[in-house]
Amino acid sequence: MTDALLQNPSSRTFDIRKIVADLGYPSHWNWCWENYKPTVIELSRARGLRRHLEIGAGRDPLFQPGEAAQLGLDITLNDISAHELSLAPSGYGKVVCDIASPQAPDILGRDKYDLVYCRMVMEHVPNVAAMWRNINAILAPGGVALAFFPTLYAAPYVLNSLMPEKLSRFLLETIFPERKQDGGDPKFPAYYNYCFSSEARMMPMLRQAGFSEAVILPFWGYAYFSKFPGVKQVDAAFNRLAERRDWRSVSSFAYVIATK
Ligand SMILES: C[S@@+](CC[C@H](N)C(=O)[O-])C[C@H]1O[C@@H](n2cnc3c(N)ncnc32)[C@H](O)[C@@H]1O
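Residue numbering for the sequence shown follows the numbering used here, starting at 1218 and increasing by one per position.
In structure tokens, the structure reads:
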């Protein structure tokens, strides 16, 4: 996969592809969780992107204020929920608003940020095209956006999208008690609008939102079936096959890295 990333060296995405390749990108799901923060740091360092906005940062922002100071970053946190944002540490700018609302660019500031990123937020936004248009509006020219999100049609997300919210919440909290409402990692309703790793599905929407270039990195696998012996092994074998064959329609997560 690393070799594939290095194709197309003529375009400006080459350095983004190279940054991720240098971080050792494999398409296994552990990597996307462990390397989200290193990817943000490396993008920021390589392109000198200092003014950051974390969308849907919630109670657990990516950087602690001390780290931000050490890295020389000016970080603003956003969330639709004033409650979630109030639980985040102080020491950043905080802006409560719906990232997909028509007012968001004026509330957050047009052309104001060099790097905008979010983790596990896109699936909770009903109108993702509007979200990407707004991200484009608030990025400075040459700015970069990174979204990390779960993708369809991985089995757990298909199940989650088909089940009534009450039932999926009950199942999640039963299997993973730490996900109980105010156990520190609450569940939010998910819509999975534009939650795909397929370039054919994502690129037209990103171009319409105003992005000149984008790189989509797919990942396969997850831990959701870890407590179900038998299912776990069969599902893991299927995910390994899908990863080898690059079956985007059943990937589990993706990074989209887009340049304004
Ligand atoms: C699953 S949590 C992820 C929190 C954090 N990004 C993380 O990775 O730990 C989703 C967060 O997105 C926020 N959110 C949902 N829809 C949003 C929207 N339209 N605009 C901004 N934030 C949103 C939720 O309030 C919540 O804090």
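Here a beta-carbon is modelled for each residue, glycine too, at the ideal position from N, C-alpha and C.
Residue interval of the alpha helix (DSSP H) (run including residue i)
i     : result
T1368 : First-last for T1368: undefined, no H or E at that position.
R1386 : E1382 to I1392
A1407 : From DSSP, A1407 is part of no alpha helix (DSSP H); its letter is neither H nor E.
F1428 : Counting along the chain, F1428 falls outside any alpha helix (DSSP H), and DSSP gives it neither H nor E.
L1304 : Element bounds for L1304: n/a, residue is neither H nor E.
R1350 : V1345 to I1355
Coil, strand or helix - residue i by DSSP
i     : result
Y1242 : coil
K1477 : coil
R1267 : coil
D1402 : coil
I1297 : coil
R1336 : strand
I1316 : coil
G1283 : helix
T1219 : Because T1219 sits at a pLDDT of 42, beneath the cut-off of 50, its placement in the model cannot be relied upon, and the following sentence gives the value as read from the coordinates. Correct three-state label for T1219: helix.
I1272 : coil
A1454 : helix
D1232 : helix
P1278 : coil
D1323 : helix
V1361 : strand
Q1224 : Caution is warranted here: a pLDDT of 43 is assigned to Q1224, below 50, making its placement in the model unreliable, and the coordinate value is therefore given only provisionally. Q1224 falls in the coil class under three-state DSSP.
Boundaries (first-last residue) of the beta strand (DSSP E) holding residue i
i     : result
G1310 : G1310 to V1313
Beta-ladder partner(s) of residue i, from DSSP
i     : result
W1437 : H1245
Y1253 : Per DSSP, none; premise fails for Y1253.
D1291 : R1268
A1471 : F1366 and P1435
Y1374 : Answer is none; Y1374 lacks a bridge partner.
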